[in-house]
Structures are given as C-alpha cells and as structure tokens.
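Here is the structure we will look at, set down as structure tokens.
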Amino acid sequence: MTARHAHRLLLTSAFLLGFVTCGANAFDATSPGEVGLSAERLERLDAALESYVEDGRLAGSVVLVARRGDIAHLRAFGERDRESNSPMREDAIFRIASQTKAIVSTAVLMLQERGELLIGDPVGRYLPEFTETTVAVPKPDGGYDVVEASRPVTIRDLLTHTSGFGYGTGVAADAWADAGIQGWYFADRDEPIGDTISRLAGLPADAQPGESWIYGYNTDILGALVERVSGQPLDRFLADNIFEPLGMSDTHFYLPRAKRDRLASVYSSAEGGIERAEGTGSIGQGAYVDGPRESFSGGAGLLSTVTDYARFLQMLLNGGELDGERLLSPKTVELMTTSHLGDDVEFRPGEGFGLGFYVVEDVGARGVPGSVGEYGWGGAYHSTYWVDPEEELIVVYMSQLIPATDIDDQAKLRALVYQAIVD
C-alpha cells in the first residue's frame with residue numbers, strides 16, 4: 041500500500057467517524073466544556089484575536105468554533121466600520137470570495153445526484169463553447185503559441201482546479217486583458233455570468249487539462265454550468281436548494297439594502313497599520329450593495345456570516361444533512377472530501393485537493409495542527425474555514441483585509457483552537 045493510499049484510507053475512516061458521531065442535529069449553542077473544549081484555554085484565542093485589533097492590524101473579525109454538532113464559541117472583535125465607530129457584531133456580513141467555491145461545488149454534486157450530469161462528463165456537453173479549447177505554450181525566446189487542448193476539459197477538472205484555466209494572468213495575459221477577463225471580481229459587471237464565461241471559453245488556458253493544479257476561473261465556469269443544466273439563475277438555484285433548506289438567511293450574491301448596516305467594511309494592510317480600501321475591482325467596497333446585480337460569480341461572489349457558513353459546513357460534517365434536510369448522500373460527501381489529484385500533480389505539502397476543498401493527507405508533512413481528513417479553504421478578503429471530521433470540529437473565521445500582509449492571525453487561530461481541545 042502506498043503512502044498516498046494509506047492517507048486516503050485514514051481520510052475515509054475520519055469522515056465516517058465524524059458522520060456517525062455527529063449525526064444531524066439542531067446545531068445549537070452550548071458551553072465549551074460540554075463538547076470537550078476548555079473555556080479557559082479559549083480565552084487565549086480571544087486575547088490573541090483582540091490583540092490584532094488593539095495593534096491596529098485588523099479593524100475587526102468574527103470567529104466561530106463548533107464541536108460535536110453545536111456552537112461552543114462565537115465572538116466578535118473590534119469594529120465593523122472604523123470610520124463610523126460601528127462595533128463588529130456576531131451577525132456581521134462579510135464578502136467571502138472564494139468560500140463561494142465550496143457551495144457551488146456542492147450544487148454541482150447535487151445535480152449529479154439528480155441524474156442531470158456526471159462529473160466525468162466533458163464540460164462541452166453542457167456548455168458547447170468548451171467543446172474545443174486551447175492552451176498557451178510559452179516559446180523559448182518569449183511570447184507563446186496557441187495549441188489545441190490534448191483532451192476535453194471535464195467537470196471534475198473544474199472541481200479540482202486541474203482544467204488549466206487560471207485567472208488570466210499567465211503567459212497569454214494579453215489575450216485575457218483584451219477580452220476584459222482578468223482578476224476574480226465580478227460584482228461590478230453588468231452582464232450575466234454565462235456571457236462572461238462564453239467569452240472565456242475562447243481564451244487560451246495556462247496548461248493542458250489534468251496536468252497541473254492551477255487556481256482560477258474553474259468554479260465560475262461551474263456556476264455557468266449550473267445555470268445551463270438547471271435552467272435557473274445561479275442565485276436562485278443556490279437559494280432554493282442550499283440556502284433556504286439550511287436556514288442560511290444571510291447568504292447572498294448582492295446584499296439586500298435593508299442589511300447594508302451589517303456589512304463589514306474592507307481595509308488594506310499599510311505601513312504602520314491598516315487603511316480603508318477604496319474603489320471597486322479587486323477591493324469591492326460598494327458593488328455588492330449598489331452594483332448592477334447582474335453577475336453571479338460561482339468562484340468568488342457570495343456574502344455571508346460565520347453562522348450561515350458554519351451551517352453549510354455542519355451539513356457536510358453530518359454526511360449531507362442538517363435539521364432533517366438532506367442535500368447530499370454520505371457517499372457524495374466522502375467523494376468531495378477525498379483528494380482527486382494524481383501523484384504527478386503538485387499541490388501543497390501534506391495536502392491533496394478534493395471537489396472544492398483542500399484535504400489533509402499527512403499532518404507531519406503539512407507541519408501545522410490538524411488531522412488527516414480535514415478539509416477547508418478561504419477567501420481573498422482574509423477569511424478562512426476548516427472542518428476536522430476526526431475531532432468533529434468546525435472553525436469559521438471572517439475579517440475584511442485585502443491585501444493582508446505581515447499578519448499571522450490565521451496561523452494563531454489554528455494553533456489556539458487545537459490547544460483548547462481537552463477531550
């Protein structure tokens with residue numbers, strides 16, 4: 041048995057343990073001691089997160105720690121908006137950027153469970169623009185050639201970020217810029233996502249399908265695919281099939297105007313502290329409220345709260361069910377949280393990549409606290425989350441800092457959550 045196969049076996053065991061012990065429950069608040077966490081040790085976490093506010097490196101943040109099916113720790117720190125002296129609230133709404141990807145990946149697997157697609161299918165079966173794609177190949181003396189893709193891009197390629205499509209910053213960046221498709225931000229666009237993705241299909245990818253892990257527009261393409269297969273706009277499909285069944289009432293692509301006073305402001309790391317981030321583009325201060333409300337980015341478009349997102353994660357930890365609402369089967373969740381990368385595809389030490397998340401395969405090689413079978417991701421505005429099935433643990437942490445430089449709060453978060461586990 042190879043080391044990778046052994047890791048995958050351990051991952052499956054961890055998943056099954058989490059499913060059997062957690063079950064589907066009400067996801068209520070509880071005291072830390074009831075779920076094997078030390079309240080005294082969690083004070084270390086609070087002190088550390090508060091220190092980033094006091095030192096002027098963060099305006100504010102919210103953290104949620106759930107274990108064994110209940111919320112054991114939920115705290116807000118600092119300010120939602122420094123200029124108006126508005127305190128951060130536990131129900132503050134954040135731009136979650138790439139945390140959107142796990143939700144849209146779930147939508148794709150739901151369509152597979154309904155018999156409407158298979159993840160091994162070529163994308164071109166549903167989006168004909170992708171029937172034949174191209175790849176940019178660098179030339180030794182500069183520039184690049186455009187060649188045909190070696191095979192069709194599949195839905196699984198998109199789910200695992202192995203399609204070859206990046207964020208338009210590769211060797212063919214000039215062609216992507218000419219098409220108006222660069223960067224991950226879509227909220228200020230006044231065209232449907234399907235139109236944007238149709239143009240994208242004609243641009244050269246950065247690598248051949250299946251050969252490399254390249255982070256990019258993969259899940260935005262999946263969002264357009266969900267629209268085409270389901271016959272619904274992406275926002276409506278997600279609301280009907282994920283947000284409403286799970287009670288995620290504060291998760292939206294564009295913020296209802298009545299909730300604008302709950303939206304956390306965006307800041308940027310600067311010399312000596314932070315400064316308010318201005319403008320649209322990659323910063324996105326205003327378009328989520330006052331933008332055209334036309335483009336539903338499956339890769340980076342959602343707004344949410346820590347509690348809403350934790351409900352989504354608890355559904356996965358429960359094997360696809362929460363509060364009597366089953367979205368996925370346990371075997372589908374197992375498929376999503378198993379690495380699909382081949383041995384020749386490089387990713388990160390100790391990790392593989394599943395259908396929407398990183399997956400921990402070797403804790404020692406990774407070098408930080410965690411467990412085999414853990415899965416998670418994060419977002420460009422400095423948010424992160426993970427699920428640890430072995431410890432029956434969910435952590436969601438949200439702030440709004442872009443770019444975030446010279447700050448180690450997420451690493452401290454991980455260390456201080458795990459040191460609080462005493463049972």
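Heads up: the sequence shown begins at 41 in the working numbering, then just goes up one per residue. Backbone N, C-alpha and C fix where the C-beta goes; we use that ideal spot for every residue, glycine too.
Annotation: V385 is outside any alpha helix (DSSP H) and is labelled neither H nor E by DSSP. Cβ-Cβ separation between T200 and F393: approximately 6 Å, consistent with a contact (criterion under 8 Å). In the structure shown, D131 adopts coil according to DSSP, grouped into three states. In this structure, the alpha-carbon of T202 lies about 12 Å from that of G396. Beta-bridge analysis with DSSP links R115 to V103. If you draw a straight line from the Cα of A350 to the Cα of V462, it is about 22 Å long. Setting aside the 5 residues that flank it on each side, E172 has no residue in the same chain whose C-beta is closer than 6 Å to its C-beta. Just so you know, the alpha carbons of V408 and F387 end up roughly 16 Å apart. The residues V148, L149, Q152, T194, I195, R196, L199 and L395, in chain order, have a CB closer than 8 Å to that of I159 in the same chain once the five nearest residues on each side in sequence are set aside. In the DSSP assignment, A176 falls within the beta strand (DSSP E) that extends over T174 to P178. In this structure, V427 lies away from G418, with their beta-carbon atoms at least 9 Å apart. According to the DSSP assignment, G263 belongs to the alpha helix (DSSP H) that extends over N258 to S270. Look at the region 326-383 and you find these whole runs of alpha helix (DSSP H), each 4 residues long or longer: 327-330, 346-357 and 370-376. The closest CA to that of Y225, considering only G341, I136, G364 and R122, is found on G341. Taking 9 Å as the cut-off, the beta carbon of T140 is found closer than this to the beta carbon of G339. When DSSP reads this structure, Y184 sits in a beta bridge with P178. Straight-line measurement puts the Cα of M288 at about 11 Å from the Cα of L343.
For W426, the uninterrupted beta strand (DSSP E) segment begins and ends at S423 to D428. From the listed residues D275, G118, Y255 and R154, the smallest Cα separation to S369 is found for R154.
Residue pairing from DSSP leaves S203 without any beta-bridge partner.
DSSP places Y415 inside the beta strand (DSSP E), whose first and last residues are Y415 to G419. In the DSSP assignment, I237 falls within the unbroken alpha helix (DSSP H) covering I233 to L240.
The C-alpha of S101 lies about 29 Å from the C-alpha of M376. Linking A142 to S190 through their CA atoms gives a straight-line distance of about 28 Å. The DSSP-derived three-state label of A310 is strand. P168 sits in a helix when the DSSP states are folded into three classes.
Counting only the Cα atoms, F134 lies some 21 Å from F67. The three-state reading of DSSP puts Y92 in helix, counting H, G and I together. Taken through DSSP and simplified to helix, strand or coil, R122 comes out as coil.
Secondary structure of M150 (DSSP, three-state): helix.
CA-to-CA, the gap between V412 and D86 works out to about 26 Å. Boundaries of the alpha helix (DSSP H) harbouring L274: L274 to L278, taken from the DSSP string. For L433, the uninterrupted beta strand (DSSP E) segment begins and ends at L433 to M438. A298 and V436 have their C-alpha atoms roughly 25 Å apart. A straight line joining the alpha-carbon of R122 with that of G271 spans about 43 Å. In the three-state reduction of the DSSP assignment, G250 falls in the coil class, being assigned neither a helical nor a strand state.
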